[in-house]
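Under our numbering, the first residue of the sequence shown is numbered 2, with each subsequent residue one higher. The C-beta atom is built at its ideal place from N, Cα and C for all residues, glycine as well. First comes the structure, then the notes that go with it.
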Amino acid sequence: MWRACISLLLVVCVAFVLQACGSRQRFVAKPEPWRASEERACLASGLVRETSHVLGRQALGGPSACGALRPFTMSAAMGGRVAMRPAATLRCPMIPAIEVWVRDVIQPAALRHLRQPVVELKVASSYACRPINHAFGARLSEHGRANALDVSAFILADGRRITVKGGWRGAADEQAFLRAVHGGACRVFTTVLGPHADRFHQDHFHLDLARHGRNGDVRICR
């Protein structure tokens, strides 16, 4: 009898420890039907096609609140001319948005202010099943929906590296480039956060396609 009690106690203790470890990233997630319908519409539209740089994935790990219907791994934009390292895991609507940002915002800004095209984006984060800013009990981050991308640096054709952390208040041409990239992103994505936003975004740009406001037509640009 006492052996059975001890065994049960050990099981309970182990379960408690595992729950405590997992609870560090606990988040709040509410049902949002628009996400699935938006993703299905994107998949049906043919806007995103598999290539050597955009590969479909079958599933993502994490609780059921996280993930996407059919995520993709994106390793480059503009037909492979602009690498993304490491490759980003994203839901369908994010991929054409990133293509527009790279083609219509980043490259013109780089040529204007830096006289060189960008050949690589340094990806700080994409899919991650976690709360906003890793804060216990906060809402599920858009990263948990594969609906966000963090970029920390831009590599030019001549090898020059423009970091958000160093360039935001750095040389004049780097400041001009990064502000143009940030401002242009606000016309493409619904959420754009950078060094002016808060202490969590001092070293990267956060971009996502979350819906804000009652009708989902509000944009956040900081």
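Does DSSP classify E40 as helix, strand or coil? helix
Pairwise C-alpha distance: I107 and L122: 10 angstroms
Helix, strand or coil at V189 [DSSP, three-state]: coil
Output needed for W35: all residues of its chain with C-beta closer than 8 angstroms, excluding positions within five of it in sequence on either side, in chain order. R212 and G217
Could you check what DSSP says for K166 in three-state terms: helix, strand or coil? helix
Can you check whether the CB of A147 is closer than 7 angstroms to the CB of P72? yes
Inter-residue Cα distance where the pair is I133 and P32: 17 angstroms
If the criterion is Cβ atoms closer than 7 angstroms, does the pair G145 and C222 meet it? no
Residue range of the unbroken alpha helix (DSSP H) whose run includes A147: No alpha helix (DSSP H) holds A147; DSSP gives it neither H nor E.
Starting from P87, trace the beta strand (DSSP E) in both directions and tell me its first and last residue. V83 to L91
E33 lies in the beta strand (DSSP E); which residues open and close that run? From DSSP, E33 is part of no beta strand (DSSP E); its letter is neither H nor E.
Closest to G80 by C-alpha separation, out of H205, R50 and V193, would be which residue? R50
At 4 residues or longer, and completely inside the segment 188-217: list those alpha helix (DSSP H) runs for me, N to C. none
Taking 7 angstroms as the threshold (C-beta atoms), are F155 and V101 in contact? no
contact_flag[the segment 152-166, the segment 202-212] where n(CB pairs < 8 angstroms) is 3 or more: yes
What whole-angstrom Cβ distance do A149 and D105 have, given they're in contact under 8 angstroms? Between D105 and A149 the Cβ distance is about 20 angstroms, and since that is not below 8 angstroms, they are no contact.
Buried or exposed: which applies to F137, given that a residue is buried once 16 or more other Cβ atoms fall within 10 Å of its Cβ? exposed
Tell me where the alpha helix (DSSP H) around M95 begins and ends. M95 to V101
Cα separation between S46 and L112? 32 angstroms
Between which residues of its own chain and S24 is the CB-CB distance below 6 angstroms, once the five residues before and five after are set aside? Confidence at S24 is low in this model, with a pLDDT of 38, below 50, so its placement is unreliable and the value that follows should be read with caution. Taken in chain order, the list of residues that qualify is empty.
Taking C-alpha atoms, which residue in R86, S53, R27 and A60 lies nearest to G152? Inspection of the sequence shows that residue 152 is occupied by Val rather than by Gly. Nearest of R86, S53, R27 and A60 to V152, Cα basis: R86.
Figure out for me which residue from S142, A186, L70 and V219 has the closest Cα to the Cα of Q59. L70
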